[in-house]
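Reading the sequence shown from the start, the letters are residues -27 to -1, 1 to 433 in mature numbering (1 follows the signal peptide of the UniProt record, and there is no 0). Where a beta carbon is used, it is the ideal one built from N, C-alpha and C, also for glycine.
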Amino acid sequence: MFSSSEFTLFFAATVVCIFGWILPVHAQSISGIVTTSDQQQLLSPISDSFSFSSDSSSSADITIDPSTVYQQIVGFGSSITDSAAAAMSDLKAANPSMYQQYLQNAFTPQGAALNYLRVPIGSSDFSNTTYSLDDTSGDTSFNSFEIDNAPSYLFSTLADIAAVNSNAKIHILPWSPPAWMKDGNTMNGGSLSSQYVSAYPTYLLKAVQAFKAKGLLVAAVSIQNEPENSNPTYPSCSMTADVQATIAKSLANLSDIKVIGYEHNWQDADAPSAFSGVSFHCYAGSQSDVGAFASQFPNVPMYQTECAGTTGSNFWTDVQWYGMMWIFASPDNGVSPYPGSNSCGNGCRGVTTVTPSGVTYNQEYYSMAHFARAFTSDDGTSIGSRIAANTTSSGSDLTAVAYAVGSKYSLVVMNTGSSASYTFPTGLTTLWWNSTSTDNTSSSSSSSKKRMMRRRKFNI
């Protein structure tokens, strides 16, 4: 749909941008989407025109450096728990056409472009019963392993998502080992018994194989969800870093599957060399803890895998906050369906709220949609990397992040202050336009030419 010289930018204010390539000065037409803080526009289509010029009078400078490449972006998405799949399945039965539109809105490049799904192995606090994939006591050969202990609607929902986005990746992980493998013989709280540490990798391996046999694209497996949390009200398990590392080493031959460690809060991470990456939850600590971890382990991939929304909170405040979300489709009240669970307090809001009568797209959906579309190619087959973006302004209202997907570049600019012009209101705005100029950023360009091009400015 777009030429190879396409540029995609996200703006929430009038800014001056400094890029590493030359763009034409004449006016061009643009199209895109906008989400405003007052919710009057939610991924609404827009069209306008603008001109590039050398005029530098503006409230902010944003410098993009494509030569400074940070971590590759794996994806944006959420968890498909049993309750999420049940809610989606109920919608499918009640209104098949609305369900199909919902899948298009969430998982296609023309919708929210979500492509990364976290799926429990066995029951979680968003299941209505307790089960593992092998409930036969002492079965260390796992002859009784049965993937279909999970509800059938979980796999039909995942298959429906794969049908609209064949590139959607699955990240599987247990909330608890089978009860018989734990001290206390319960899935609710406790820890993995030392006598079963050597057998447990086989359970996880069989889970990977079984999900793949369902035709699902399994990209990663984690050893344990929230290994520092032993909660007696829902499936959970405490597990030391040493035990996790021992299990991970036994899974080292999963060459095409990432083995992800930690799966807990920002403030207490460790990075055993046995893991392909480390994942974080947002319920304790701060983003600065992730920065400190990255400084200590610069080559370790990082995943933000949980950050639950809270029912009743503010739309625009939340849009500024959320990245990778927890429950994709929550029921009306967002309360955990697990009997006796205290995991969600007054309610965890999903990315969407789904009932048989309809869908509510919550603030997490809009926030992720703007960012996910920034690093996803137009056909959904390629994902990008984050590149350097530095903002200089008189205030602190602008925050910018840039992405590159092949020759397509994206800039996400969030305006938390007042509207800078009638075209770009407070919120997130996504713009597309095609450059008619020649891309002069090849490695054969001279250093002086590159420096000149990096200082090219234009007003929007």
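Which two residues bound the contiguous beta strand (DSSP E) that contains residue i?
i: T328; result: 325 to 328
i: P147; result: 142 to 147
i: Y334; result: 331 to 334
i: S51; result: 50 to 52
Of the choices the options, whose alpha-carbon is the least far from that of residue i?
i: I230; options: K142, F80, S110; result: K142
i: P69; options: A85, F348, P329; result: P329
i: K179; options: D11, L227, Y104; result: L227
i: I196; options: R346, M154, L224, L189; result: L224
i: F118; options: K65, L177, V92, S62; result: L177
i: N204; options: Y75, A214, T159; result: T159
i: N198; options: P174, R346, S149, K65; result: S149
i: I94; options: A123, Q73, M71, A66; result: A123
i: D107; options: V137, P151, K65; result: P151
i: D63; options: S129, Y376, L190, F80; result: S129
i: F99; options: T325, N140, C321; result: C321
i: A214; options: Q45, N202, T102; result: N202
i: P174; options: Q45, A362, S114; result: S114
i: L190; options: Y207, S316, M212, L90; result: L90
i: Q12; options: M71, Y311, A362, S340; result: S340
i: I46; options: P82, S211, L127, S358; result: S358
i: M212; options: K155, A136, K222; result: K155
i: A66; options: G331, V194, K222; result: G331
Since residue i is in the alpha helix (DSSP H), which residue starts that stretch and which ends it?
i: P69; result: 69 to 80
i: V191; result: No alpha helix (DSSP H) contains V191, which is instead part of the beta strand (DSSP E) from 191 to 195.
i: S223; result: 214 to 223
i: I134; result: 125 to 137
i: F184; result: 173 to 186
Reducing DSSP to helix, strand and coil, say where residue i ends up.
i: D38; result: strand
i: P93; result: strand
i: Q83; result: coil
i: S340; result: helix
i: I233; result: strand
i: D352; result: coil
i: Y311; result: coil
i: Y104; result: coil
i: L15; result: coil
i: N88; result: coil
i: Y376; result: strand
How would you call residue i, buried or exposed, if buried means at least 16 neighbouring beta carbons within 10 angstroms?
i: V42; result: exposed
i: G157; result: exposed
i: A192; result: buried
i: D352; result: exposed
i: S96; result: buried
i: T54; result: buried
i: Q336; result: buried
i: S164; result: buried
i: P18; result: exposed
i: G48; result: buried
i: P200; result: buried
i: F147; result: Sequence check: residue 147 is Pro here, not Phe. It counts as buried.
i: G188; result: exposed
i: residue 438; result: This structure cannot speak to residue 438, because the chain is shown only from -27 to 433.
i: S27; result: Because S27 sits at a pLDDT of 44, beneath the cut-off of 50, its placement in the model cannot be relied upon, and the point is left open.
i: A362; result: buried
i: G323; result: buried
i: T333; result: exposed
i: A136; result: exposed
Looking at residue i: is its Cβ nearer than 8 Å to the Cβ of residue j?
i: D161; j: S209; result: Checking the sequence, you will find Asn at residue 161 rather than Asp. Yes, the pair counts as a contact, with Cβ atoms nearer than the cut-off.
i: T349; j: I360; result: no
i: I134; j: V170; result: no
i: G50; j: L87; result: yes
i: A183; j: I120; result: yes
i: V92; j: I145; result: yes
i: G84; j: Q77; result: yes
i: V327; j: A60; result: yes
i: F80; j: N138; result: yes
i: T206; j: N101; result: no
i: T325; j: Y338; result: yes
i: Y104; j: A58; result: no
i: A342; j: S383; result: no
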